[in-house]
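Trainee:
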Amino acid sequence: MKSCWTRWICQINLFLCKRCADSTRGDDTANLKHAVVTWLTELFHPLDPPLHTTFKDDRGFVHNITGKLLCPVEYSWTKEKIRDRDPDFLVMAYSWPAFLYTDYTFDSSNIEKGLFHSALLLKAFKHLFTSPSSVKEVEGDGNGADAIMASQCHWTSKSDTATCSHVANIIGMKMVTPQSIAYTACQLQFSLSNVNSWQSVDRDFDYYVFYNNIVDFFEVAPGIDAQARIKELLKWWNR
Numbered sequence: 327m328k329s330c331w332t333r334w335i336c337q338i339n340l341f342l343c344k345r346c347a348d349s350t351r352g353d354d355t356a357n358l359k360h361a362v363v364t365w366l367t368e369l370f371h372p373l374d375p376p377l378h379t380t381f382k383d384d385r386g387f388v389h390n391i392t393g394k395l396l397c398p399v400e401y402s403w404t405k406e407k408i409r410d411r412d413p414d415f416l417v418m419a420y421s422w423p424a425f426l427y428t429d430y431t432f433d434s435s436n437i438e439k440g441l442f443h444s445a446l447l448l449k450a451f452k453h454l455f456t457s458p459s460s461v462k463e464v465e466g467d468g469n470g471a472d473a474i475m476a477s478q479c480h481w482t483s484k485s486d487t488a489t490c491s492h493v494a495n496i497i498g499m500k501m502v503t504p505q506s507i508a509y510t511a512c513q514l515q516f517s518l519s520n521v522n523s524w525q526s527v528d529r530d531f532d533y534y535v536f537y538n539n540i541v542d543f544f545e546v547a548p549g550i551d552a553q554a555r556i557k558e559l560l561k562w563w564n565r
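Residue numbers (my numbering): 327 to 565.
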């Protein structure tokens, strides 16, 4: 039983590595670039100024909403000079951006509170791994149907026949993994940025480091208490 589980995990990991490297990653990037504008408009209506869907020059730290979401949580978006990309406020992959948190807010007394619970991250996951229509199940606070299994209702309906070949179904993905969360976070980070073509390093931000840091957060939890919290977090994603 354990060997079957290991083979399944390896299969998912290899598939995700392939998506990070080939044209499918490009497809995910292009599709998410459009979708994220719709989600931001719904979550932060009205967007001022509105964001374009065809280019990204108005995103990143030049826009108040995308800048706030990309802002590392140890910085204050409203008080510090991060929006000006001041060299004293580097944006690096070793920090958690605000878009990973519930309501995009950070509790300095508990860095893990709300981490990886954001509605935006869950919407992006569903868009990439199940179907664009399944995103509608996600409520503004991140609550809603579980990330994968609830979308099975779309797989067999006549109107959504095409979604039978979505990513999670293709690779037999029955639950959310740390690797799939990390891949989603990287895609969302890029979609919120003002960089128009994919590159593994954006100034001081390294996407490979970001991906590995997220996977390590889940898989290299220090101690029994941390491991228990990770177990509950993955249970939330698979609820």
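The beta-carbon is built from N, C-alpha and C at its ideal position, and this holds for glycine as well.
Every value quoted in this text rests on a predicted model; they were computed, and no experiment measured them.
1. Quick one: is Ser491 buried, meaning 16 or more other Cβ sit within 10 Å of its Cβ, or exposed?
2. Tell me whether Phe425 sits in a helix, a strand or coil according to DSSP, three-state version.
3. Report the three-state DSSP secondary structure of Thr487 (helix, strand or coil).
4. Decide if Arg409 is buried, meaning its Cβ has at least 16 other Cβ atoms within 10 Å, or exposed.
5. Asp532 by DSSP, collapsed to three states: which one?
6. Taking 8 Å as the cut-off, decide whether the C-beta atoms of His453 and Leu358 are in contact.
7. To the nearest angstrom, how far is it from the Cα of Thr487 to the Cα of Phe455?
8. Between which residues of its own chain and Ala508 is the CB-CB distance below 7 Å, once the five residues before and five after are set aside?
9. Apply the 10 Å Cβ neighbour rule to Val417 and answer buried if 16 or more other Cβ atoms are within range, or exposed otherwise.
10. Measuring CB atoms only, is the segment 429-447 touching the segment 508-520, in the sense that at least three cross pairs come out at less than 8 Å?
11. Cβ of Thr380 less than 8 Å from any chain B Cβ?
12. I need the DSSP call for Leu441, collapsed to helix, strand or coil.
13. Kindly indicate which residue of Gly440, Tyr430 and Val388 has the alpha-carbon position closest to the one of Arg411.
14. Which residues mark the beginning and the end of the alpha helix (DSSP H) in which Ile550 is found?
15. Reducing DSSP to helix, strand and coil, say where Pro398 ends up.
16. With DSSP as the reference, please indicate the residues paired to Val527 in a beta bridge.
17. Can you give me the Cβ contacts of Thr431 inside the same chain, cut-off strictly under 8 Å, excluding the 5 residues immediately before and after it?
18. On the three-state DSSP scale, how would you describe Tyr420?
19. Looking at the structure shown, is Arg409 part of a helix, part of a strand, or coil, going by DSSP?
20. Between which two residues does the alpha helix (DSSP H) carrying Ala508 extend?
21. Please report the distance separating the alpha-carbon of Trp524 from that of Leu560.
22. Under the three-state reduction of DSSP, which class applies to Asp414: helix, strand or coil?
23. I need the straight-line Cα distance from Gln478 to Lys500, nearest angstrom please.
Mentor: According to the structure shown:
1. A caution first: Ser491 carries a pLDDT of 48, below 50, which makes its placement in the model too unreliable to give a value.
2. helix
3. In this predicted model, Thr487 has a pLDDT of only 43, less than 50, meaning its place in the structure is not dependable enough to derive any value.
4. buried
5. strand
6. yes
7. In this prediction, Thr487 has a pLDDT of 43, which is less than 50 and means its spatial position is unreliable; what the coordinates show is noted afterwards. So the alpha carbons of these two residues sit roughly 16 Å apart.
8. Tyr537, Ile540 and Val541
9. Flag for Val417 reads buried.
10. When Cβ pairs closer than 8 Å are counted between the two stretches, the segment 429-447 is seen to touch the segment 508-520, the count reaching three or more.
11. No chain B appears in this structure, which consists of one protein chain only.
12. strand
13. Val388
14. Membership of Ile550 in the alpha helix (DSSP H) is indicated by the continuous run Ile550 to Trp563.
15. strand
16. Answer is Asp532.
17. Ala424 and Gly440
18. coil
19. helix
20. Pro504 to Leu518
21. 29 Å
22. coil
23. Any reading at Gln478 must be qualified, since the residue scores a pLDDT of 45, below 50, and its modelled position is unreliable; no value is offered.
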